[in-house]
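Under the UniProt record's numbering, the first residue of the sequence shown is numbered 1, with each subsequent residue one higher. By construction, the Cβ of each residue, glycine as well, lies at the ideal position given by its N, Cα and C atoms. Every value quoted in this text rests on a predicted model; they were computed, and no experiment measured them. Here the structure comes first, spelled out in structure tokens, and everything after it is commentary.
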Amino acid sequence: MSALTTRLLFQLHLAVLASLHAVLASARAARLVLRLASLVPFPRLRQHEAVTPADDLKRGRWNKLPKHLAVILAPARTASDFRQAVQDKVEQLRKLLGWSRELGIATLSVYDETGLLVEEASEVSTALGLCVEGVEGAGKECGLVVLRRPASAKAVAPKETLLDESWVAVSGDGDSTSSATLVNEDVPPTAGPDVQVNLLSRRAGQPWLARVAKDLASQNSSEEISSEMVAETIDALLLTEPDLLFVFGGPYLRLHGFPPWQIRLTEMYHHSWPSWTRPPPLTYEVLRKALDLYGGAEMRFGR
């Protein structure tokens, strides 16, 4: 091969690489411009009526809906104090719970990587008119706290409200006793179907699996640990496999420590935004897009 041919091929190689880089850079720049434009609150010439879950159900928008919806609330990089962060997450959870009741979703699992929802489970349950099921301390250790309606679970009162007059002790037969469950009388009874709410933290992911492996090793020191034993222990966790996983936040799709062994057949939807901007509000229109994805998905299982 002559020197002239080599030089021409080298120039052609550089031109192809430069063209590819230019196309990729232009695509990323266009995507950034569109995303920034969507963040600017332009005045709307025509006001559209807000769509509700009841409207979508009446119109038959979806052929199917998830029975178990899991939501990952990606942590925001913007600085905020502890109390404000808890209030923001509780407000997001309140919206998700209301939409789930209207849509007939039986189980709602909300994953918070920071662990605020699990650590403040008593306050969260009080704000939502729900009760912590079982022993709250045990749930915090494994990173999973289950909330239900007061009629189907035992309430655990926050420490700050133990002397509050709105909390009364009610025994199993309805009589007031000194050793019965604490129930908040100020919270009105919730309407709509019952929804089981699972609060998840990072402890329910790899740390919990490591703890399970350690416990199995100590309990079966003389026996060989089989994959069936590990599978049975993992399945003993109250968290069932979600039908739809909605990741709200972050510049790209990440699980943020969500238990990966529980999403083998789960559809995923990611609503992203630039990490350096303030998180947008959680609206029904955003959840609607995730439900559209799930409603149009086809499940094809291998033989």
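Which residues in the same chain have their Cβ closer than 6 Å to the Cβ of residue i, if we skip the five residues on either side of it in sequence?
{"i": "LEU93", "result": "VAL110"}
{"i": "LEU244", "result": "PRO66, LEU69, GLU267, TYR294"}
{"i": "HIS270", "result": "VAL247, LEU253"}
For the beta strand (DSSP E) that contains residue i, what are its first and last residues?
{"i": "LEU144", "result": "144-148"}
{"i": "VAL110", "result": "107-112"}
{"i": "LEU245", "result": "244-248"}
{"i": "LEU57", "result": "Not the beta strand (DSSP E): LEU57 falls in the alpha helix (DSSP H), residues 53-59."}
{"i": "MET268", "result": "267-271"}
{"i": "VAL197", "result": "196-200"}
Looking only at its own chain, which residues have a Cβ that is under 8 Å from the Cβ of residue i, when we skip the five neighbours before and after it?
{"i": "SER100", "result": "LEU69, LEU108, VAL195"}
{"i": "ALA22", "result": "none"}
{"i": "GLU241", "result": "HIS68, GLN262, ILE263, ARG264, LEU265, THR266"}
{"i": "VAL118", "result": "ASP112, GLY139, LYS140, GLY143, LEU144, VAL145, LEU199, LEU200, SER201, ARG203"}
{"i": "MET299", "result": "LEU265"}
{"i": "ALA85", "result": "THR114, LEU116"}
To which residues of the same chain is residue i closer than 7 Å at the C-beta, ignoring the five residues directly before and after it?
{"i": "VAL90", "result": "VAL124, ALA127"}
{"i": "PRO274", "result": "ARG35, PRO251"}
{"i": "PRO280", "result": "TRP273"}
Just the C-alpha distance for residue i and residue j, rounded to the nearest angstrom, thanks.
{"i": "LEU239", "j": "PRO259", "result": "9 Å"}
{"i": "TRP62", "j": "PHE10", "result": "55 Å"}
{"i": "CYS131", "j": "GLY249", "result": "28 Å"}
{"i": "VAL71", "j": "PHE246", "result": "5 Å"}
{"i": "ARG288", "j": "LYS214", "result": "42 Å"}
{"i": "THR114", "j": "ASP88", "result": "13 Å"}
{"i": "PRO75", "j": "ARG254", "result": "11 Å"}
{"i": "GLY60", "j": "GLY98", "result": "19 Å"}
{"i": "ALA15", "j": "THR6", "result": "14 Å"}
{"i": "ASP292", "j": "LEU73", "result": "20 Å"}
{"i": "ARG83", "j": "SER122", "result": "14 Å"}
{"i": "ALA106", "j": "GLY257", "result": "24 Å"}
The alpha helix (DSSP H) with residue i in it runs from where to where?
{"i": "LEU293", "result": "284-295"}
{"i": "VAL124", "result": "121-128"}
Beta strand (DSSP E) segments (min. 3 residues) lying fully within the stretch 62-101: Runs of the beta strand (DSSP E) inside the stretch 62-101: 68-73.
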